[in-house]
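At position 279 of the sequence shown the residue is numbered 392 (the numbering used here), and the sequence of numbers has no breaks. A virtual CB, placed ideally from N, CA and C, is assigned to each residue, including glycine. To start, the structure itself, in structure tokens.
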Amino acid sequence: MKVFIAGIDGYLGWSLARHLAGRGADISGADRFLRRAWVEEMGSGSVVPIAPMPERLDAFRSRFGRDLRFFEGDLCDYRFVRDALADVRPDAVVHLGEMPSAPYSMIDVDHCVFTHQNNVIGTLNVLYAMREACPDAHLLKLGTMGEYGTPNLDIPEGFFTVDYRGRTDTLPFPRQAGSWYHWTKVHDSNNVMFACRLWGLAATDIMQGVVFGTGLDPTEARLNTRFDIDQAFGTTINRFCAQAVIGHALTPYGSGHQRRGFLPLADSMACLTLALDHPPGEGEYRVLNQFQEVYSVTELAEKVRAVGNRKGLDVTIQPLENPRVEREDHHYNPDHQGLRDLGYEPTTDVETELGRVLDDLTDHRGEILKRQSVFVPDIRWNAARRPVSAQPVADDAMDKSR
Ligand SMILES: NC(=O)c1ccc[n+]([C@@H]2O[C@H](COP(=O)([O-])OP(=O)(O)OC[C@H]3O[C@@H](n4cnc5c(N)ncnc54)[C@H](O)[C@@H]3O)[C@@H](O)[C@H]2O)c1
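Here it is in structure tokens:
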């Protein structure tokens, strides 16, 4: 299978390139190295060192015995996207190339507008470019469970059937996103759904939970994917694990009762692979909720503490005032049957995976210690953090991987 990965330099993109290549897929992809620049803007960097793209490509060739075709450029440039897809003519396009952080989008008006432009325009370009260059390819688009928000109802997979004034219809489940970033994903979902209806595109929209894990390559460091710990780009469990290995208190926000779906990186790869192996039909817009288990933030912190204690780490928990505007006590019961029906079985249990992450990070304690000031959140969702003149980084992003 020929797979084109938009956002191939990112946390999931690079992991997926490796994973699919290991199964014999022919991989190509595009990136503009924005993630490297955003994390730097947050005063941080990947605590697992990552190689510049030329070295990644070199290591990929040595490992898999063939090239990964890499296109450096901006998904917001329509011609760039169209020409890359026309060149490759992939069987599937995996679209991961977006700004993925809720806090980053909440910094100020510039970061909010940048996030909307980057994500919504980039996705529209991918849709139109697929229509022009590879209309029969399957679009696998990464959305997020955060699109649904925390309604006081069970959450279905994308659609639900409603009776209203004596009539019945199956409609998209209402989205109640909780950050400007999450709203961009809602807008994307609507646009992808419409393109399926309009042009017969086959698309899977993955509502993914929070991913955690190191994904280290056992023998080749240049193949490692990134691992971030800052307030914007470090996801909850990844931050907790990094805190645990340096003896920093784990810092859940607020009461810690917020419930979310989580999954290990290996399971994210397994689920995306299943979706690729079982594409939807022509014109079908398929929504899959992708997570392994639902936990509250406090339950996760307790799990990290328990696993850390078994490894001889002295782990404490020190809740911080919640910088976000969100419900802390809420109903949360999302479905996730679609991927199971396709054959998904968890690759590991959460405790085992947490143990692996703690072991992996122990070798990178020095990098975490150097950056521990980035654990403290100062992006307040209901207040301006920076003067309006501060611009999001983007222009010098292309230099970051050279
Ligand atoms: N990591 C998670 O826990 C998680 C959870 C739910 C959903 N997702 C979604 O999965 C996708 C990938 O997430 P990730 O954690 O790998 O993020 P990431 O930031 O590591 O990867 C995104 C990649 O896309 C690139 N990119 C962004 N905009 C671009 C543009 N305009 N042109 C070219 N390249 C561009 C970035 O440089 C980066 O390498 C995102 O859409 C994210 O919203 C991630």
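Contiguous alpha helix (DSSP H) assignments of at least 4 residues, all confined to the stretch 383–457: 410–423, 451–454
| query | Are the beta-carbon atoms of residue 470 and residue 325 separated by less than 8 Å? | reply | Counting from one through the sequence shown, the residue named residue 470 turns up at place 357. Counting from one through the sequence shown, the residue named residue 325 turns up at place 212. Yes, the pair counts as a contact, with Cβ atoms nearer than the cut-off.
- Message: Once DSSP output is grouped into helix, strand and coil, what is the label at residue 268?
- Response: Mapped onto the sequence shown, residue 268 falls at position 155. Here residue 268 sits in strand by DSSP.
Could you tell me the distance, in whole angstroms, from the CA atom of residue 91 to the CA atom of residue 197? Nothing can be reported for residue 91: it is not among the residues displayed for the chain, which extend from 114 to 515.
task: Flag residue 347 as yes when its Cβ comes closer than 7 Å to any non-hydrogen atom of ligand 1, and as no otherwise.
output: Position 234 of the sequence shown, counting from 1, holds the residue named residue 347. No - ligand 1 has no heavy atom lying nearer than 7 Å to the Cβ of residue 347.
field: For residue 278, the first and last residue of its enclosing beta strand (DSSP E)
entry: Walking along the sequence shown from the start, residue 278 turns up at place 165. Unbroken run through residue 278: none, as it is neither H nor E.
query: Given residue 271, which residues of its chain have a CB within under 6 Å of its CB, disregarding the five upstream and five downstream residues?
result: Here residue 271 refers to the residue found at position 158 when the sequence shown is read from its first residue. For residue 271, where only same-chain residues beyond five positions count, the Cβ hits under 6 Å are 400.
Legend entry - Own chain, CB closer than 6 Å to residue 231, minus 5 neighbours either side, in chain order: The residue given as residue 231 occupies position 118 in the sequence shown. For residue 231, where only same-chain residues beyond five positions count, the Cβ hits under 6 Å are 212.
| query | Is it the case that the CB of residue 211 approaches a heavy atom of ligand 1 more closely than 7 Å? | reply | Looking up residue 211 in the sequence shown gives position 98. Within the cutoff, so yes.
Among the candidates 450, 495, 390, whose CA atom is the shortest distance from the CA of residue 251? On the sequence shown, position 138 is the one that residue 251 refers to. The option with the nearest alpha carbon to residue 251 is 390.
Span of the beta strand (DSSP E) holding residue 185? By 1-based counting over the sequence shown, the position of residue 185 is 72. Where residue 185 is concerned, the enclosing beta strand (DSSP E) stretches over 182–185.
Below 7 Å, is the gap between the Cβ of residue 231 and the nearest heavy atom of ligand 1? By one-based count along the sequence shown, residue 231 stands at place 118. Residue 231 Cβ: within cutoff of ligand 1.
Counting Cβ pairs, one atom from each stretch, are 3 or more of them under 8 Å apart for the stretch 330–347 and the stretch 408–427?
-> no
Considering only residues of the same chain and omitting the five flanking positions on each side of residue 511, which have a CB-CB separation below 8 Å?
-> Counting from 1 along the sequence shown, the entry for residue 511 is found at position 398. Because the pLDDT of residue 511 is 47, which lies under 50, any placement of that residue in the model is unreliable, and the question is left without a value.
**Q.** Minimum C-alpha distance to residue 345 - residue among 142, 156, 139, 115
**A.** Start at 1 with the first residue of the sequence shown, and residue 345 comes out as number 232. That would be 156, whose Cα lies nearest to the Cα of residue 345.
Name the two residues that bound the continuous alpha helix (DSSP H) containing residue 460. As a working note, residue 460 is residue 347 in the sequence shown. Per DSSP, residue 460 belongs to no alpha helix (DSSP H) and is neither H nor E.
inquiry  = Taking 8 Å as the threshold (C-beta atoms), are residue 285 and residue 367 in contact?
reply    = Position 254 of the sequence shown, counted from the start, is the residue given in the question as residue 367. Position 172 of the sequence shown, counted from the start, is the residue given in the question as residue 285. Not in contact: residue 367 and residue 285 (Cβ atoms no closer than 8 Å).
Please tell me whether, using a cut-off of 7 Å, the distance from the CB of residue 191 to the nearest non-hydrogen atom of ligand 1 is below it. Translated into positions along the sequence shown, residue 191 becomes position 78. No, ligand 1 has no heavy atom inside 7 Å of this Cβ.
Q.
Could you compute how far the alpha carbon of residue 369 sits from the alpha carbon of residue 413?
A. Position 256 of the sequence shown, counting from 1, holds the residue named residue 369. Position 300 of the sequence shown, counting from 1, holds the residue named residue 413. So the two alpha carbons sit approximately 9 Å from each other.
Out of 377, 234, 480, 162, point me to the one whose CA is closest to residue 187's CA.
By one-based count along the sequence shown, residue 187 stands at place 74. Ranking the options by Cα distance to residue 187, first place goes to 234.
| Can we count residue 428 as close to ligand 1, meaning its CB is less than 7 Å from some heavy atom? | Indexing the sequence shown from 1 puts residue 428 at position 315. No, ligand 1 has no heavy atom inside 7 Å of this Cβ.
Between residue 328 and chain B, is any beta-carbon pair separated by less than 8 Å? Protein chains in the displayed structure number just one, and chain B is not present.
In three-state terms, what does DSSP make of residue 377? For the purposes of this step, residue 377 is taken as the residue at position 264 of the sequence shown. In the structure shown, residue 377 sits in a strand (DSSP, three-state: E or B).
Can you tell me where the alpha helix (DSSP H) with residue 222 in it begins and where it stops? Indexing the sequence shown from 1 puts residue 222 at position 109. Per DSSP, residue 222 belongs to the alpha helix (DSSP H) from 222–229.
Quick one: measure Cβ to Cβ for residue 449 and residue 404, integer angstroms, because I've assumed they're closer than 8 Å. Translated into the one-based positions of the sequence shown, residue 449 becomes position 336. Translated into the one-based positions of the sequence shown, residue 404 becomes position 291. Right, their Cβ atoms sit about 6 Å apart.
| said: Checking 8 Å against the spacing of the C-beta atoms, do residue 245 and residue 310 come in under that value? | reply: Your numbering for residue 245 matches position 132 in the sequence shown. Your numbering for residue 310 matches position 197 in the sequence shown. It is not a contact, given that the beta carbons lie outside the stated cut-off.
query: Under a Cβ-count criterion, where at least 16 other Cβ atoms within 10 Å of its own Cβ denotes burial, should residue 308 be classed as buried or exposed?
result: On the sequence shown, residue 308 is found 195 positions in, with the first residue counted as 1. Under this definition residue 308 is a buried residue.
**Prompt:** Using CA coordinates, which residue listed in 192, 168, 332, 149 is at the minimum distance from residue 517?
**Reply:** In this structure the chain extends from 114 to 515, so residue 517 is not present and cannot be described.
Note to self: If you follow the beta strand (DSSP E) that residue 350 is in, where does it begin and where does it stop?
What the structure shows: Along the sequence shown, read from residue 1 onward, the residue named residue 350 stands at position 237. Per DSSP, residue 350 belongs to no beta strand (DSSP E); it is in the alpha helix (DSSP H), 349–358.
- Message: Spatial neighbours of residue 460 within its chain, please: C-beta separation below 6 Å, excluding the five flanking residues on both sides.
- Response: On the sequence shown, residue 460 is found 347 positions in, with the first residue counted as 1. Closer than 6 Å at the Cβ level, and outside the excluded window around residue 460, lie 379, 380, 383.
| query | With burial defined as no fewer than 16 other Cβ atoms inside 10 Å of the residue's Cβ, what is the status of residue 393: buried or exposed? | reply | Residue mapping note: residue 393 aligns to position 280 of the sequence shown, counting from 1. Residue 393 comes out buried.
| query | Would a C-beta distance cut-off of 8 Å place residue 118 and residue 140 closer than the cut-off? | reply | Translated into positions along the sequence shown, residue 118 becomes position 5. Translated into positions along the sequence shown, residue 140 becomes position 27. In contact: residue 118 and residue 140 (Cβ atoms closer than 8 Å).
* CA-CA distance, residue 579 and residue 116? -> What is shown of the chain runs 114 to 515, which leaves residue 579 out entirely.
With a threshold of 7 Å, establish whether the CB of residue 317 neighbours any heavy atom of ligand 1.
Walking along the sequence shown from the start, residue 317 turns up at place 204. The answer is no for residue 317.
Q) Can you name the residues that DSSP bridges to residue 143? A) Residue numbering aside, residue 143 sits at position 30 when the sequence shown is read from its first letter. Residue 143 pairs with 119, 184.
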